[in-house]
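A.B. asks: Can you keep this structure in mind? I'll have questions shortly.
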Amino acid sequence: MDEKTDLLDLSLEELHQFLTDIGYEEFRAKQITNWLYRGIRDIDGMTNIPKELRNTLKQISYIGNIRMQDKYVSKDGTTKYLFTLSDGNIIESVLMKYKHGLTVCISSQIGCKMGCRFCASTGLGFVRNLTSGEMINQILSIQTDCGSRVGNIVIMGIGEPLDNYDNVIKFIRQANMPEGLNISYRKITISTCGLVPEILKLSNENIPVNLSISLHSPNDEKRLEIMPINKIYSIDKIIEACKIYSEKTKRRITFEYAMIEDYNDSEKDALNLAEKIKGMLCHVNIIPINLIEGSIFRPSSRKRIDKFKNVLENNGINITVRRELGEDINAACGQLRRRVLEGKKISG
Numbered sequence: 074m075d076e077k078t079d080l081l082d083l084s085l086e087e088l089h090q091f092l093t094d095i096g097y098e099e100f101r102a103k104q105i106t107n108w109l110y111r112g113i114r115d116i117d118g119m120t121n122i123p124k125e126l127r128n129t130l131k132q133i134s135y136i137g138n139i140r141m142q143d144k145y146v147s148k149d150g151t152t153k154y155l156f157t158l159s160d161g162n163i164i165e166s167v168l169m170k171y172k173h174g175l176t177v178c179i180s181s182q183i184g185c186k187m188g189c190r191f192c193a194s195t196g197l198g199f200v201r202n203l204t205s206g207e208m209i210n211q212i213l214s215i216q217t218d219c220g221s222r223v224g225n226i227v228i229m230g231i232g233e234p235l236d237n238y239d240n241v242i243k244f245i246r247q248a249n250m251p252e253g254l255n256i257s258y259r260k261i262t263i264s265t266c267g268l269v270p271e272i273l274k275l276s277n278e279n280i281p282v283n284l285s286i287s288l289h290s291p292n293d294e295k296r297l298e299i300m301p302i303n304k305i306y307s308i309d310k311i312i313e314a315c316k317i318y319s320e321k322t323k324r325r326i327t328f329e330y331a332m333i334e335d336y337n338d339s340e341k342d343a344l345n346l347a348e349k350i351k352g353m354l355c356h357v358n359i360i361p362i363n364l365i366e367g368s369i370f371r372p373s374s375r376k377r378i379d380k381f382k383n384v385l386e387n388n389g390i391n392i393t394v395r396r397e398l399g400e401d402i403n404a405a406c407g408q409l410r411r412r413v414l415e416g417k418k419i420s421g
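If you want this note's numbering, it's the position in the sequence shown, counting the first as 1, plus 73.
As structure tokens, this is what we get:
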């Protein structure tokens, strides 16, 4: 084998085949997997594996690693991590602490192709997809650092998860397997700007994860101004795909709605949104938009947010207003990476 294989990129079935191909028993796959998901970084540390197999593994494989470049802890306990990958690229992850346990927001790509105008992640362009092992490694590294088990995963960091479809699906299956992170599908959320074919494909994967749609406007023209993907997939097409996903998986859809001052925060906008999604198994999550350096967009006032919320509630729509965590450490997606890559000093 010319290139070494990252063991964290392999599913249990793939590891079975990998070992069979080099003449070893399949049952060793579970032993190796147990070590990997305990966070071990050295093949020699797998003490219940024969030395001969360990030596063979070192010749043809490795345990992928990501290096914590920095971390920033907010006064509310939220922790933003900057990780350096083996090729020198930088990604972000966020650890959020709730009463029900720990949630980690992970990145799925280095950069993003989608071009959403209010997002810091897209400004520096797209580099490459992350592998399933690099996504797993974000969780393992954070668990090692904080000393506690992560119970919920949101794939809502840098990148468009459904644009890295195969690796993200593989990651989800690895995160779910009992020998892996053993996290229920129902505690994993994918956030997407609305790639309709991939939403429909996901509905047939038999992995009932939560689906979150970055909607941000009920009007196609306005949404197109801030989200270029709307030129390909209209709001009606996205909502129709969401209805199919919800029907097949029995999961409630979340519509993320970033409130932008004097742009999408009027009572008329709220009424139009209610009309679009009325009758669906869904709820709306209002997000006070993050201030991004150089952006013309400003967050809506609390008064406007409350009026918008009341209109939706009066029309029978379930709604929450996201509590912004980590504001004092620039924990919004992509902001720290952008500042680091632009060579600016990070305060705090």
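Just so you know, even glycine gets a beta-carbon here, dropped at the ideal spot from N, CA and C.
Output needed for Pro301: all residues of its chain with C-beta closer than 6 angstroms, excluding positions within five of it in sequence on either side, in chain order.
C.D. replies: Cβ neighbours of Pro301 beyond the five flanking positions: Gly188.
A.B. asks: How many whole angstroms separate the CB atoms of Asp82 and Gly137, which I take to be in contact at a CB cut-off of 8 angstroms?
C.D. replies: Going by Cβ atoms, the distance from Asp82 to Gly137 rounds to 7 angstroms, so yes, they are a contact pair.
A.B. asks: Beta-carbon within less than 7 angstroms of Asn162's beta-carbon, same chain only, minus the 5 sequence neighbours each way: which residues are those?
C.D. replies: Around Asn162: Ile183, Val200.
A.B. asks: How many Å lie between Asn255 and Glu86 at the Cα?
C.D. replies: About 16 angstroms.
A.B. asks: Starting from the C-beta of Arg324, find all residues in its chain whose C-beta is less than 7 angstroms away, skip the five residues before and the five after it, and write them out in chain order.
C.D. replies: Closer than 7 angstroms at Cβ, skipping near neighbours: Pro281, Asn283, Leu284.
A.B. asks: Tell me, which residues are paired with Glu329 by DSSP?
C.D. replies: DSSP lists Ser287, Asn358 as partners of Glu329.
A.B. asks: Would you call the region 313 to 327 and the region 289 to 303 touching, i.e. three or more CB-CB distances under 8 angstroms?
C.D. replies: Result no; under three Cβ-Cβ pairs closer than 8 angstroms.
A.B. asks: Alpha carbon to alpha carbon, what distance is there between Arg222 and Asp143?
C.D. replies: Taking the straight line joining both Cα atoms gives about 21 angstroms.
A.B. asks: Evaluate Ile362 with the Cβ neighbour count: other Cβ atoms within 10 Å of its Cβ, from every protein chain shown; 16 or more gives buried, anything less gives exposed.
C.D. replies: Buried, because 16 or more other Cβ atoms sit within 10 Å of the Cβ of Ile362.
A.B. asks: Please work out which residues of its chain come closer than 7 angstroms, Cβ to Cβ, to Glu436, disregarding the five sequence neighbours upstream and downstream, and give them in chain order.
C.D. replies: For the chain, the structure presents residues 74 to 421; residue 436 sits outside this window and is missing.
A.B. asks: What would DSSP say about Pro270, mapped onto helix, strand or coil?
C.D. replies: In this structure, Pro270 counts as helix in the three-state DSSP scheme.
A.B. asks: Looking at Tyr154: is its Cβ nearer than 9 angstroms to the Cβ of Ile245?
C.D. replies: For Tyr154 and Ile245, no; Cβs fall outside 9 angstroms.
A.B. asks: In chain order, what are the residue ranges of uninterrupted beta strand (DSSP E) at least 3 long that sit wholly in the region 201 to 285?
C.D. replies: The region 201 to 285 contains these whole beta strand (DSSP E) runs: 225 to 228, 261 to 265.
A.B. asks: Going by beta-carbon coordinates alone, are Ile261 and Asn249 separated by less than 9 angstroms?
C.D. replies: Contact: yes.
A.B. asks: Rounded to a whole number of angstroms, what is the C-alpha to C-alpha distance between Ile419 and Ser84?
C.D. replies: Because Ile419 sits at a pLDDT of 46, beneath the cut-off of 50, its placement in the model cannot be relied upon, and the following sentence gives the value as read from the coordinates. One C-alpha to the other measures close to 38 angstroms.
A.B. asks: Among Thr176, Ile164, Asn202, Leu203, which one has its Cα closest to the Cα of Ala193?
C.D. replies: Looking at the Cα atoms, Ile164 is the closest of the given residues.
A.B. asks: Is it buried or exposed, His173, if we count other Cβ atoms within 10 angstroms and call 16 or more buried?
C.D. replies: Its Cβ having fewer than 16 others within 10 Å, His173 is exposed.
A.B. asks: Could you compute how far the alpha carbon of Ile263 sits from the alpha carbon of Ile133?
C.D. replies: C-alpha separation (whole angstroms): 33 angstroms.
A.B. asks: Is the distance from the Cβ of Phe328 to the Cβ of Ile286 below 9 angstroms?
C.D. replies: Yes.
A.B. asks: Does the Cβ of Tyr318 have 16 or more other Cβ atoms within 10 Å, making it buried, or fewer, making it exposed?
C.D. replies: Flag for Tyr318 reads buried.
A.B. asks: What does DSSP give as the partner residue(s) for Ser134 in the beta ladder?
C.D. replies: For Ser134, which the question treats as bridged, DSSP gives the partners Thr78.
A.B. asks: Apart from the five residues on each side of it in sequence, which residues of its chain come closer than 8 angstroms, Cβ to Cβ, to Asn391?
C.D. replies: Within the same chain, Asn391 has close Cβ partners Cys355, His356, Val357.
A.B. asks: By Cβ distance below 6 angstroms, which residues in the same chain neighbour Ala347 in space, the five residues on each side in sequence not counted?
C.D. replies: The answer, listed in chain order, is Leu385, Asn388, Ile390.
A.B. asks: Which same chain residues, not among the five before or five after Lys103, have their C-beta less than 8 angstroms away from its C-beta?
C.D. replies: Around Lys103: Leu85, Glu252.
A.B. asks: Who pairs with Pro372 in a beta bridge, going by DSSP?
C.D. replies: According to DSSP, Pro372 bridges with Ile333.
A.B. asks: For Gly232, count neighbouring C-beta atoms within 10 Å of its own C-beta (all shown protein chains included) and say buried if the count is 16 or more, exposed if not.
C.D. replies: That one is buried.
A.B. asks: Look up Ser166 in the DSSP assignment and say whether it is helix, strand or coil.
C.D. replies: Strand at Ser166.
A.B. asks: Identify, in the order they occur along the chain, each residue of the same chain with its Cβ nearer than 7 angstroms to the Cβ of Thr129, setting aside the five sequence neighbours on each side.
C.D. replies: Ile95, listed in sequence order.
A.B. asks: Tell me the rounded alpha-carbon separation between Ser159 and Leu203.
C.D. replies: Cα to Cα, the separation comes out at about 11 angstroms.
A.B. asks: Taking all protein chains shown into account, decide if Asp115 is buried (16 or more other Cβ within 10 angstroms of its Cβ) or exposed.
C.D. replies: Asp115 comes out exposed.
A.B. asks: I'd like the list of long-range same chain contacts for Met74, defined as Cβ closer than 8 angstroms, with 5 residues on each side in sequence excluded.
C.D. replies: For Met74, the predicted model reports a pLDDT of 44, less than 50, meaning its position is unreliable and no value from the coordinates is stated.
A.B. asks: Would you check if the distance between the CB atom of Thr157 and the CB atom of Ile139 is smaller than 9 angstroms?
C.D. replies: In this structure, Ile139 lies closer than 9 angstroms to Thr157 by Cβ.
A.B. asks: Run through the DSSP bridge pairs and tell me what Thr392 is partnered with.
C.D. replies: Note that residue 392 is Ile in the sequence shown, not Thr. Partner(s): Val357.
A.B. asks: Beta-carbon separation of Val177 and Val227 under 9 angstroms?
C.D. replies: Contact: yes.
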